[in-house]
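I have placed the structure first, in the form of structure tokens, so that the comments after it can refer back to it.
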Amino acid sequence: MDITTSQLPSIHASDDKIVTLGNGVIVLDGASAFVPVLVPPSVYAEALGAGLGRRLDADPAADLPRVLADTIHEVAVHLDLRPGHSPSSTVTILRAHDGWTEILMLGDNLAVLPGRTITDPRLSRLALEPSRLYRQRLAQGTGFDTTHRALLRELQTQQAARRNRPGGYWIAEADPSAAQHAIVHRIRSDAVPWAVLATDGAYKPMRHLEITDWHAISTMADHELMDIVTRCHTWERDIDPDARVLPRAKRHDDKTLVTARFS
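Numbering (our numbering), first residue to last: 81 to 343.
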């Protein structure tokens, strides 16, 4: 498997993390904390990614939900985290093994394969009122003002009350049982010559700008992927700095784009 990656900002300054495996790749997106948490999202995502990488390198055929559950528990103990009061992160694991390609998805990253698009829509389906209000206000030109920030805090408070429970949504945080609710796809490897993975900070502006020729993207070198994320960042900065056209929580979200091509 050949892996090509691009990030903006760089991995050390980003809440997005990438971990490359011998037979796959892991992409994580630490959720921005508008309600303060004791551990920064980047620290949590980095610890979770590192733990997942160690376990899957040691056992490349391990059951993915079990590995995720064990790693969530390990990180929660190490960082002294409590469910409902901790940072969280999306997790996408792409792995090729023994003639099969497996994808585990927890949270709203995106995976695009030939003829197939995979994401986790459960958080967005909650359709919470603060989300509707902040997007409506941005479209009206209010910008990222004090009311906007208050709405984001209220939104995260309401999301936390629904996190990792039936009828809500599931995400990597401090409750290992969330891993059993991950979306898992298993596909014959000969049907998956390539895959593209992206965090929402990348794929949402890409979709808006109609940068969606995923097959072409899958063939790109790292500098070409960087051109894409830079174009999205520049559009946000110069054309839509107040998020009127594409309502979003902040002007720039971290952007990660990963391609995988299979031999």
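Ideal Cβ placement from N, Cα and C applies to all residues, glycine included. None of these values were measured; they are calculated from a predicted model.
Per the DSSP calculation, residue i is bridged to which residue(s)?
i, result
"Ser86", "Leu337"
"Val192", "Thr197 and Val276"
"Val105", "Thr100 and Leu174"
"His265", "Ile183"
"Ser169", "Gly110 and Ala252"
"Arg243", "Tyr249"
If you drop the 5 nearest sequence neighbours on each side, which residues of the same chain put their C-beta closer than 8 Å to that of residue i?
i, result
"Leu232", "Phe114, Pro210, Tyr214 and Ala329"
"Asp96", "Gln87, Val107, Leu108, Asp109, Gly110, Ala125, Thr279, Gly281, Asp334, Lys335 and Thr336"
"Leu235", "Phe114, Leu208, Pro210, Ser211 and Tyr214"
Residue i: which of the options sits nearest, CA to CA?
i, options, result
"Thr170", "Ile183, Ala301, Val119 and Ala125", "Ala125"
"Thr292", "Cys312, His303, Val157 and Asp302", "Cys312"
"His288", "Asp302, Glu316, Met306 and Leu305", "Glu316"
"Arg242", "Arg212, Arg268 and Ala207", "Ala207"
"His332", "Ala142, Ala258, His303 and Thr279", "Thr279"
"Thr310", "His295, Leu337 and Ala296", "Leu337"
"Ser204", "Leu193, Pro194, Ile152 and Gly248", "Gly248"
"Asn103", "Ala127, Asp137, Ser94 and Pro246", "Asp137"
"Ala252", "Pro89, Leu101, His92 and Leu128", "Leu128"
"Asp192", "Thr237, His303 and Ile267", "Going by the sequence as given, residue 192 is Val instead of Asp. Considering only alpha carbons, the answer is Ile267."
"Gly221", "Val325, Ala93 and Ser112", "Val325"
"Ala93", "Asp307, Val123 and Thr151", "Val123"
"Ala219", "Glu290, Asp320 and Asp302", "Asp320"
"Pro285", "Ala296, Ile297, Ile308 and Thr299", "Ile308"
"Asp82", "Leu159, Asp302, Asp318 and Pro327", "Asp302"
"Leu159", "Ala230, Gly133, Pro121 and Trp250", "Pro121"
If you drop the 5 nearest sequence neighbours on each side, which residues of the same chain put their C-beta closer than 6 Å to that of residue i?
i, result
"Asp322", "Gly223"
"Ala141", "His177"
"Leu161", "Ala254"
"Ala156", "Ala254"
Contact check, residue i vs residue j under 8 Å by CB: the rounded distance?
i, j, result
"Ile106", "Val117", "The pair is not a contact, with the Cβ atoms about 22 Å apart (cut-off 8 Å)."
"Leu305", "Thr84", "6 Å"
"Trp180", "Ser257", "Contact flag wrong, Cβ pair sits at about 25 Å."
"Pro194", "Val272", "7 Å"
"Thr227", "Arg212", "The Cβ separation is near 14 Å, so there is no contact."
"Arg55", "Leu101", "A query on residue 55 cannot be resolved here, the shown segment of the chain reaching from 81 to 343 and no further."
"Thr150", "Arg135", "A small fix is needed here, since residue 150 is Asp in this sequence, not Thr. The Cβ separation is near 7 Å, so the contact holds."
Cutting at 7 Å between CB atoms, please list the residues of its own chain near residue i, excluding the five before and the five after it.
i, result
"Asp200", "Met185, Leu186, Gly187, Asp188 and Ile263"
"His153", "Pro256"
Using a Cβ-based criterion (distance less than 6 Å to any ligand heavy atom), does residue i qualify as near the ligand SAH?
i, result
"Asn189", "With respect to the ligand SAH, the structure shown offers nothing to examine, as it has no ligands at all."
Contact criterion: CB-CB distance below 7 Å. Does residue i meet it with respect to chain B?
i, result
"Thr181", "This model lacks chain B altogether, as it is built from one protein chain only."
Taking 8 Å as the cut-off, does the region 163-171 touch the region 139-146 (at least 3 CB pairs, one atom from each stretch)? no
The region 174-190 in contact with the region 248-266 per 3-pair CB rule at 8 Å: yes
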